[in-house]
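What the sequence shown shows, in the working numbering, is residues 134 to 1100, in sequence order. Beneath this line is the structure, given in structure tokens, with notes to follow.
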Amino acid sequence: MRPTNFLLVVIALASFFLLQVPSTPAQEIQTDFGKNRVQYKNFKWQYYESDNFNTYFYTGGQEIGKFVIQYAEKVAKNMESKLEYKINKKINILVYNDLTGYNMTNIGIGLDMENPGGVTKIIENKMFLYFNGNHNHLKKQIKRGIAEVFINNMMFGGNIQEVVQNAVLLNLPEWFKQGLVNYMAESWNAELDNRMRDAIRNDVFDDFNELNNKDTRFAGHSVWHYIAVKYGPSSVPNLLYLTRINRSLESGFLFVFGKPVDQVLDEWHNFYERKFNQEAQRREWPAKEKNLGKRERRNRHYYNPTLHPDGKHVAYASDIKGKTKVFIYNKETGETNKVLKYGYKTVELKTDYSYPLLDWSPDGEELAIFYERKDNHKLMRYNMETGEEKIREESKFQRILAMEYMNNKNNMVLSAMTRGQSDIFTYYVPTTRTEKITNDFYDDLDPSYVELKGNRGILFRSNRDHPKLEEKKLDTILPTDKMDLFFYDLDNKNNKAKRVTNTPHISEKQPMGYQGRYFTYLSDESGIRNRYAGYFQPVFSHYDTVVHYYNNNRETWDSIITDTTLTLDSILRDTSTYLVDTVEYEPVYKDSAITFPITNYAGNIVEHDVNQKAGKYVETVKQNCCPEFYVHNLPDTLVPSRSPDLVNTGYQNFREKQWQKEDETTSEGESSGQQAKQAESDTSESHGNGSDRFFQSNFHYGPNISGKREEQSQDSEYKYLKHLSEVLPYQVKFSTEFLVTQVDNNSMILSPYEKFTGRSPSNSRPELSGMLRLGIADLMEDYKIKGGFRFPFGLRDPEFFISYENLKRRIDHKYTYYRKVDSRTYSNSIPFYNEDIPQGNQPVEAKVKTNMFQYSATYPFDVIRSIRGHLNYRNDNFVFQSKNRQSLNLPAYNESWLISKLEYVHDNTIDIQKNIKSGLRYKVYWEFHKQFLMQRDTLFQKRHMGQPVCLIRFFWHKKTCLLFRWR
């Protein structure tokens, strides 16, 4: 049902109940909404403990946890040096196996308060991250998390007293805080440089106050990068120190730079504008006539275009705030057909752009779609002609990272995660049978089936430092190198892959093949991600010595191939057994990849897809801050001499100078065998005469270079990890989550109804008083204890509550105890007894003592929708104070109620600013009140009450457009 129709149904039902049930007077002040987190599975947490970290992981994530704790120790040491600051408390790291698990966490749900004044969020040394199959992506998260913990402690303090004090006195803009975190976590790179180029070209940063959170964070990152380049890296800790000491951002800028903030920001903008304007003249954009022509909607993210073998249809995915759709677009007719829709719009969860995975079968009959719903992986095969959908679950993998059909529609090649590592698999579609190609801790991504020079194989990218494909578990060698391309020969299966590229400082992505000879991929070697092509060519490597000899013991002729550096005496020591006949020298050739650029764009190619049968390829290029699809014909021939002459960006030239200095430093301290990757493939050898009678010798030719490199890597990484515990079970520990201090007469600790007093009803708001609320939670925020009390300035009529929440499983449980004492004065009549107070008598005073016990349960459908049930026992005790004869004779009045409430809650609002929301929230609920153990009461003839309520609040931009309530 469409959301608009659903809302109309809700309003119609509410109208019906409104006409059937008379209204009930009440004094409810606040209405609770709030979003949800859905736990589709339970996590059994364990952790490693080291010198500075506790790293928590659950089943299937132990290898990820090992990597995280080792790399985190290294990052912490570097962060201490950069910021000149040290944290004395251990940092807690929560590691999730994938993004789905990450989105199940209760961490970060936050406070949903209608009056957020006085709220202090307590900053804990806690960070959480997830693994997407790429350790380099995990590295960025580790750096960012540690940087955020360091900066929060540095700017706001490490204990409650400092946090409360600095939260009040130090108010920093988001671009300063979040930009600094990004600057410390991720060095400026080609990806960021291109994003900045696009933002400057489209005037994204003209008004800092109108930026969204993502753009604000990125703008701040670029400002800090500019400060480090212009004024030196040492200016960063100096600015932080002076800003905190003076508790003023403006004072910090004046002390360090001698300039106000606005002037530095103007210089920052002018610096990038001049730089990018000069670079734009030497590059081009894709031809407009090649644009797919698809009508694009605002605020949608379009990605993963896939070409049909007929070249006329393109399948692609679109996403808007987590609501994902898959379309098939017809280039000739302009028609768009939606084949799949899942998810819902929300900004509460991190959007997963790794799904859906799309690919056409080689015959074009089916579109295969891998996607995920409620932590279940599904494979959908959509028939192009009939529209038939075949859907089944795939549970063999933790996550599927990439997929592509091979040479028929029954076989696929996958990159998938198992036990916290990404490997390459072949997948037989009819029976789901799999065969593992790689099985080690290196990242193996973007597999593509190719046929090169008659050989069937798989091209993929990996950060492995050697071509051997052998089972390896993570130890102290961390897979943190850049990505290179490798080729695995399916016709000659062995435990080696051929290295295709060797770029120690640059990562290639999305390799594909076409025309049976060439392969293509994306690389930012020039500073902008362009398309490159390549082919294999045999290149002379060295000579081998071929020794022909007669074996006297066996009385047979034989031969042996060995290195030219070895002498005959060292090979055939027993001259009485072996009689040497002839010695030959055979040239050895190795396949070497010849690569060259074939585009020279002014902006990044985000992704591409090649369909050899169609003779076309589609690419996504981000232009004017929006990704656009372009379809091109494959060239008939590729000639390296005709490739465009790429000119490096200014940043790329700066980066290459840095690499050169780093390599020179490395070469001084290490031998050549301990440096970066070998320049050539060492897996494909051929001798000059191609004779099959030669065999490779098992003699040791020289020092094991790769072994020494591993030893060096172990030493360099392990020196940061002085202590590492065994796997320990997680124990629940509580810490402070938030603190609320307010002075007002509006905010209720809870929102219970007030007792109806008969002839003189009134709604008694609390007098002006102070209120304190405190929340504590365990590390995972699965268990929460909250308490609060109101203390009037007259030190009378206290009010307090305490609650316990269990959010570990899908159904959330909450237990609450609430007590309130309220003083009442009656001048005309005495409630409940229908007795008037004579004129001239003193007013009758009473203390109303309310005790309430409540159990609540919430079943979330998703993040924004839930059903909530409440069961409540309430007791009101009116005690009349004996100040005259009339009040002396009045007995106390006691009343007990059992209250139940069932509600449907929809909350899809976002906080634009403090106290300003955007979006729709509404709830429909039914309440039932039943009194028991009643005393005689002439005012109530009925012993129960029931009422339906419909409450709708719609927020648009910064104004409340609709506030509607039926009771």
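All C-beta atoms, glycine included, are put in the ideal place defined by N, C-alpha and C.
Here Pro976 is exposed, its C-beta having fewer than 16 other C-beta atoms within 10 Å.
Going by DSSP, Asp573 is part of no beta strand (DSSP E) at all; its letter is neither H nor E. Taking the Cα of Lys177 as reference, the smallest distance to any Cα among Asp492, Asp915, Ser214 is reached at Asp915. At a Cβ-Cβ threshold of 8 Å, Pro730 and Asn628 do not count as neighbours.
Residue range 195–216 is occupied by the alpha helix (DSSP H) that includes Lys199.
Rounded to the nearest angstrom, the gap between the Cα atoms of Phe388 and Leu375 is 7 Å. Residue range 456–463 is occupied by the beta strand (DSSP E) that includes Lys458. With fewer than three CB-CB distances shorter than 8 Å, the segment 495–506 does not count as touching the segment 235–242.
Leu1023 and Phe1013 have their alpha carbons spaced roughly 7 Å apart.
Residue range 544–551 is occupied by the beta strand (DSSP E) that includes Asn544.
The DSSP-derived three-state label of Met288 is helix.
Scanning Tyr1006, Ile909, Lys749, Arg1001 for the CA closest to the CA of Lys445 turns up Lys749. In the structure shown, Pro442 adopts coil according to DSSP, grouped into three states. Taking one beta carbon from each stretch, the segment 257–266 and the segment 210–228 have 3 or more pairs nearer than 8 Å; the two touch. The way I'd put it, the segment 677–687 doesn't touch the segment 757–767; fewer than three beta-carbon pairs between them come closer than 8 Å. According to the DSSP secondary-structure assignment, Ala535 is paired through a beta bridge with Ser548.
Burial check for Arg566: the Cβ neighbour count within 10 Å stays below 16, so the residue is exposed. Bridge partners of Leu779 according to DSSP: none are assigned. Taken in chain order, the whole beta strand (DSSP E) runs of length 3 or more contained in the segment 165–198 are 179–182, 186–190. Of the residues assessed, Ile944 falls on the exposed side of the cut-off, its CB having fewer than 16 other CB atoms within 10 angstroms. In its chain, beyond the 5 residues on either side, Arg170, Val171, Gln172, Tyr173 have a beta carbon closer than 7 Å to the beta carbon of Met237. Distance between Thr636 and Ser656, taken at the CA atoms: about 10 Å. Under a 10 Å Cβ-count criterion, His441 is classified as buried, with 16 or more other Cβ atoms of the shown protein chains found around its own Cβ. Put simply, of Asn544, Phe593, Glu584, Glu527 the residue whose alpha carbon is nearest the alpha carbon of Ser555 is Phe593. Trp792 sits in a helix when the DSSP states are folded into three classes.
Here Pro720 is exposed: its Cβ has fewer than 16 other Cβ atoms, across all protein chains shown, within 10 Å. Excluding its 5 nearest sequence neighbours in each direction, Arg942 has C-beta neighbours in its own chain below 7 Å: Gln172, Asn175, listed in chain order. By the beta-carbon neighbour count (other beta carbons within 10 angstroms, threshold 16), Gln396 is exposed.
Annotated three-state conformation of Val996 is coil, per DSSP. Out of Gln670, Thr695, Leu712, the CA that lies nearest to the CA of Arg687 is found in Leu712. Distance from the Cα of Leu547 is smallest, within the candidate group Thr613, Ile557, Glu206, Glu319, for Ile557.
Ranked by Cα distance from Gly234, the first of Lys210, Phe190, Lys223 is Phe190. Around the Cβ of Thr519, a 10 Å sphere holds fewer than 16 other Cβ atoms; the residue is exposed. In the pairwise beta carbon analysis, the segment 280–288 is classified as touching the segment 207–218: at least three pairs are separated by under 8 Å. Cβ-Cβ distances below 8 Å link Glu383 to Pro393, Val394 in the same chain, with the five nearest sequence neighbours on each side left out; the list follows chain order.
Under the three-state reduction of DSSP output, Trp1059 falls in the strand class.
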